[in-house]
Structure formats: C-alpha cells, structure tokens
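Worksheet: the structure to be examined is printed underneath.
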Amino acid sequence: MAARPRHHSHQHAHQDVKRDGDMVVVPGPTVVAYILDGRPISEAEVQEGIRNGTLVWAPGGHLEAVHSATASSGASPTASAELSQSATSGTSGLGSSAPYFDSGSDTTAASSSESDSASSESSSAGAAAYSGASGSSVASSLPSATSSPSSSSPSPSDSASSQSESAGSSADSSTDDDDPANVDVEFPDGELDCSHFPSDYGAVAVDWLGLGGWTGIQSPGISSGGGYGNIRTVSSDACSGSDCCSEGKYCSYACPPGYQKSQWPSTQGSTGQSVGGIQCKGGKLRLTNSDLSTKLCMPGASEVEILVENRMSQNVAICRTDYPGTESETVPLNAKAGTTSKLTCPDADKYYVWEGGYTSAQYYVNPAGVDVSDGCQWGSSANPWGNFAPLNLGVGYSRGSAWLSIFQNLPTTTASLDFTIEVIGDGVNGKCKYSNGEYCSGDNYDDCSRITGCTVGLLSLHGLYNQC
1 MAARPRHHSH QHAHQDVKRD GDMVVVPGPT VVAYILDGRP ISEAEVQEGI RNGTLVWAPG
61 GHLEAVHSAT ASSGASPTAS AELSQSATSG TSGLGSSAPY FDSGSDTTAA SSSESDSASS
121 ESSSAGAAAY SGASGSSVAS SLPSATSSPS SSSPSPSDSA SSQSESAGSS ADSSTDDDDP
181 ANVDVEFPDG ELDCSHFPSD YGAVAVDWLG LGGWTGIQSP GISSGGGYGN IRTVSSDACS
241 GSDCCSEGKY CSYACPPGYQ KSQWPSTQGS TGQSVGGIQC KGGKLRLTNS DLSTKLCMPG
301 ASEVEILVEN RMSQNVAICR TDYPGTESET VPLNAKAGTT SKLTCPDADK YYVWEGGYTS
361 AQYYVNPAGV DVSDGCQWGS SANPWGNFAP LNLGVGYSRG SAWLSIFQNL PTTTASLDFT
421 IEVIGDGVNG KCKYSNGEYC SGDNYDDCSR ITGCTVGLLS LHGLYNQC
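Okay, structure coming up:
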C-alpha cells in the first residue's frame, strides 16, 4: 500500500522566517494531495501515520503502510530509562523496552514501548512536536497536522531561581513523590480553603518554588469571547507561600510518577497561551475539569509504561513542563540512585487538546547529581540545569502507538550531559543513543550528530532487555 504526494512542497505554520529587506512573492497556494490505495487521505492522517509507524516514506516518495506487531493480551507496553554510574554488562528484566542512563561512555538507555516513528528524527523534528524553546509540550502533528499553541513561558524572574552550590552532589532532596498516596481520593470540590495545598488528594508539593507547593500560579484577567487575553504568571516575589493561590487565580500542581494533573479550564488564552490547574473561587479550591476527572491526578496512557532505571550513584532530576499552565519545567521526577521510576506518558486522545494540538510530554534531563530543587525550575546560563538542561526527552502515545524522542535543548544550550542514554528493547523500531554529547542512530550507531536528535517507536511491546 502506498500514498503518493502530488506535490512535495510543504509549509509548517509554526516556522516563522523573517528576511530583512527582501520581498518574497508567492504565486499562489500549493495544494498537496495524498492517495492511499486509491483513496484520498488527509494530511493529518498522513502525519499521524508517519509518526505512529503505520505509514513510512518509501523510495520514490511513496507512503507505505506498515503492519505493526500486535502486543500479546494482558501486559502493557513498557519503556524504561536506566541510569548507570559505570558501564557494566548485563540485562534488565523490566518486561518491555526501556531507556536507561549511564555515566560511562557505553550506554544509558531511554526506551519507549510503542512509537510514532520508526525512523530517527532530528532535533528540528522534535521542535515540531514541541512548540516553544522551553515551552509547551503540545504535539502539533500528533495526530493533528495543525500547529501548536504558542508558548507563554514566564521569564526566569517569574520563578524562584535559587541554585544549589554544587551540581555534583548526590541530591536526594525531595518531593516524596515515589509513593502515589491519596492519588485515587476524590477531590472535595469547593470545600478546601485556597490556602490549603491538596497533598491529601494526590498532589505533590513543590516547595522550592516558594508558591505554597504549587508548580505555577496564573492570574488570567478578564475572559473575552476568544479566551483570556492578559494571563499573568504569579512569581514568589509577589506572594507569600500559602497565600499565593488567591481569589480568581489558577493554581497548578504536580502529581506522583506515572500520573499527571487532570484539571484545566475550558477557557484558555486568546493568543495561544495555556492555563492549567484548579481555581481559587469564593475562597475555596474548585475543580476546573470535572467532566474529565473528579480526582486531581490521572494516570498516563495505560497501554504504555515508561520507566527510568538509575544505575548511577547519583540522582538525575527529570523535569516535565507544566502544560497546560505556565509551561515551566517545574513538574519533578527525582530518579534516585539505584531505583526505577515511572515516566508519565499522556494519551493524546484523552488529554489536553487546544486548537487542534494534541499533548505529548516534554522533559528536561539534567546532569547527574543536580537536585530537583535546582533542576526543576527556571535557571540561568551560568549552570546547565533547569531550562538550560542539555537534553530534552519527549514521549507520546496515540491510538495504539507510542514514541520516545531525545534531542538537544536548542537553541538554548549546546552543553552536554555527563552520562549516556540509549533507547533499547525488544520491538523497538529504529536505534537511538546519546553518548559523549552526540545523538547516534543507524544499525551500528554510525550516524551521529551533536545537533540532530533521534526518535524510536515500538512495534512490539514486550520483552525488555537493557544492556550496558
């Protein structure tokens, strides 16, 4: 089966190019038509098929359908990230594909269970999936081909930015987020005072931001017919701890590993900014998305499990962007030394959708030993952590397929991580490895670049064995 594009020129709406002094004359719009087995299909279907592995580009510009292996019943796809202090041989019986991190020059694997794309992709492709230099984790083409909302990330001055004195410490401080206590408790809508952080209902307090445990607080202003037009991010300088979540504001929060927040209002930013969290209204905390869930936290895609296995003697702070919300990297996963943790992968069809953009998850991977209190907030170019972390990791799931991508945090930084990441596992379609500052793909990892990232997908979701 093949789909042939009638024209090859294609323009992405999210890529803005300015040329001073030049006038570009465009004779007219280019219409691109795709035909699969004699039937016209939409660009969205083509983009989705390419990303989820059901369609691939064949020689000659054709699209060919790919029949992926069917996972055996009962088990969920598993991806696992392993972190290792030294290169040691052996296998991991985690049950599916997995990523792991290794501080040696051998391997740190990051793997996913299923994936959108069988082929390696560049960091520019990663940028297409995630809009904003440090911002939103909306996948503009998963499965939709429409562009994602523009980022409205706060400046570094909008958040507390204290840094640890040493990035090399073992950094075991934390969030106590390894145990999803109370995550299944129904939230008492309209009963709790706004000064009460709802950790007794599954939310994980992020105290180092100085916002009373919240990951971000937004003052939306007045809503017009098109949405909120003057959204302001509240900084810790403008409030005091438990008083930060105050009347009218949206208060966002973190959830335990494997879970993500379930609350955001139906009214969003009129110019593409996102708004997330529960709202302080009448002095009480109120749900903003009770149709989706009456609990604060919801699990990621049940069809796929992504794990982070840390084989090193130091922790690794992995920080998800708070989206929808301030879009800062404030949602922490503290991958402690010698432990395995869940990395949340959203189901694109069941999570936040805005203006046709489907949500995947973007994480910032910090150097080994950086505390989550430093890595999971806005930083500065003085240190390679926070929004200046060297590497981004993206995960997504939609309609039976999952993917995992690693790519350089460009254009923000060219810094390198001090360990290796490799995507491995049974059924992984493609190869992807980060080592010594390079992203390598190809059968023998012989196609390497310091700029171009890579993506893998899984056609089979069982039988993980990670090797270092």
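Using full-length UniProt numbering, the first residue of the sequence shown is number 1, and each one after it goes up by one.
All C-beta atoms, glycine included, are put in the ideal place defined by N, C-alpha and C.
On a predicted model such as this, the values are computed, not experimentally measured, just so you know.
query: Figure out for me which residue from THR294, GLY248, ASP237, ASP322 has the closest Cα to the Cα of PHE187.; result: THR294
query: Which of helix, strand or coil does DSSP assign to LEU211?; result: coil
query: Return the first residue and the last residue of the alpha helix (DSSP H) that VAL372 is part of.; result: 372-375
query: Whole angstroms is fine: what's the gap from GLY210's alpha carbon to GLY437's?; result: 34 Å
query: Near CYS448, which residues of its chain fall below 6 Å by C-beta distance, leaving aside the five closest residues on each side in sequence?; result: GLU438, CYS440
query: For the beta strand (DSSP E) that GLU438 lies in, which residues bound it at each end?; result: 438-441
query: Just verifying my parser: in three-state terms, what is the DSSP assignment at GLY241?; result: helix
query: Tell me which residues share the same chain as ASN289 and place their Cβ nearer than 8 Å to its Cβ, disregarding the 5 neighbours each side in the sequence.; result: SER262, GLN263, TRP264, PRO265, SER266
query: Write down the C-beta distance between THR233 and THR326 rounded to the nearest angstrom, noting that I regard them as a contact closer than 8 Å.; result: 5 Å
query: Exposed or buried, which one is GLY453 when buried takes at least 16 other CB atoms within 10 Å?; result: buried
query: Give the DSSP-derived three-state secondary structure of SER236 in the structure shown.; result: helix
query: Hey, could you find the ends of the beta strand (DSSP E) ALA254 is sitting in?; result: Note, ALA254: premise wrong, no beta strand (DSSP E); not H, not E.
query: If distances are taken between C-alpha atoms only, which option among SER401, ARG450, GLY276, ILE318 comes closest to residue 493?; result: With the chain running from 1 to 468 in the structure shown, residue 493 is simply not present.
query: Taking only the alpha-carbon atoms, compute the straight-line gap between TYR253 and VAL204 and give it to the nearest angstrom.; result: 7 Å
query: Which same chain residues end up closer than 6 Å to LEU292 when comparing Cβ atoms and leaving out the 5 residues on each side of it in sequence?; result: SER262
query: Per DSSP, which one or two residues make a beta bridge with PHE419?; result: Beta-bridge pairing links PHE419 to no other residue.
query: Looking at the unbroken beta strand (DSSP E) that takes in ILE406, where does it start and where does it end?; result: 401-408
query: Which term fits ILE222, buried or exposed, when burial requires 16 or more other beta carbons within 10 angstroms of its beta carbon?; result: exposed
query: Are there 16 or more other CB atoms within 10 angstroms of the CB of ARG450, so buried, or fewer, so exposed?; result: exposed
query: Span of the beta strand (DSSP E) holding THR340?; result: 340-343
query: Exposed or buried, VAL353, counting other C-beta atoms within 10 Å across all chains shown (16 or more means buried)?; result: exposed
query: Work out the CA separation of LEU296 and VAL183 for me, nearest whole Å.; result: 7 Å
query: What is the rounded straight-line gap between the Cα of GLY457 and the Cα of VAL428?; result: 6 Å
query: With a threshold of 16 other CB atoms inside 10 Å of the CB of ASN444, please say whether the residue is buried or exposed.; result: exposed
query: In three-state terms, what does DSSP make of TYR201?; result: helix
query: Take every Cβ of the stretch 210-219, pair it with every Cβ of the stretch 236-252, and state whether three or more of those distances are shorter than 8 Å.; result: yes
query: Helix, strand or coil: which one does DSSP assign to TRP457?; result: The sequence shown places Gly at residue 457, rather than the Trp named in the question. DSSP places GLY457 in strand when its eight states are reduced to three.
query: Using DSSP's beta-bridge definition, name the partner residues of LYS281.; result: LYS284
query: Could you say which of LYS433, PRO299, THR414, GLN408 lies nearest to THR420 if we only look at CA atoms?; result: LYS433
query: Quick check: what's the CA-CA separation for SER341 versus ILE318?; result: 11 Å
query: When the Cα atoms are used, what is the spatial distance from PRO346 to CYS239?; result: 32 Å
query: What is the residue span of the beta strand (DSSP E) that LYS261 lies within?; result: 259-261
query: Around the Cβ of ALA382, are there at least 16 other Cβ atoms within 10 angstroms (buried) or fewer (exposed)?; result: exposed
query: Within 10 Å of its beta-carbon, does ASP322 have 16 or more other beta-carbons around it, so buried, or fewer, so exposed?; result: buried
query: I'd like to know whether the C-beta atoms of CYS280 and CYS194 end up nearer to each other than 8 Å.; result: yes
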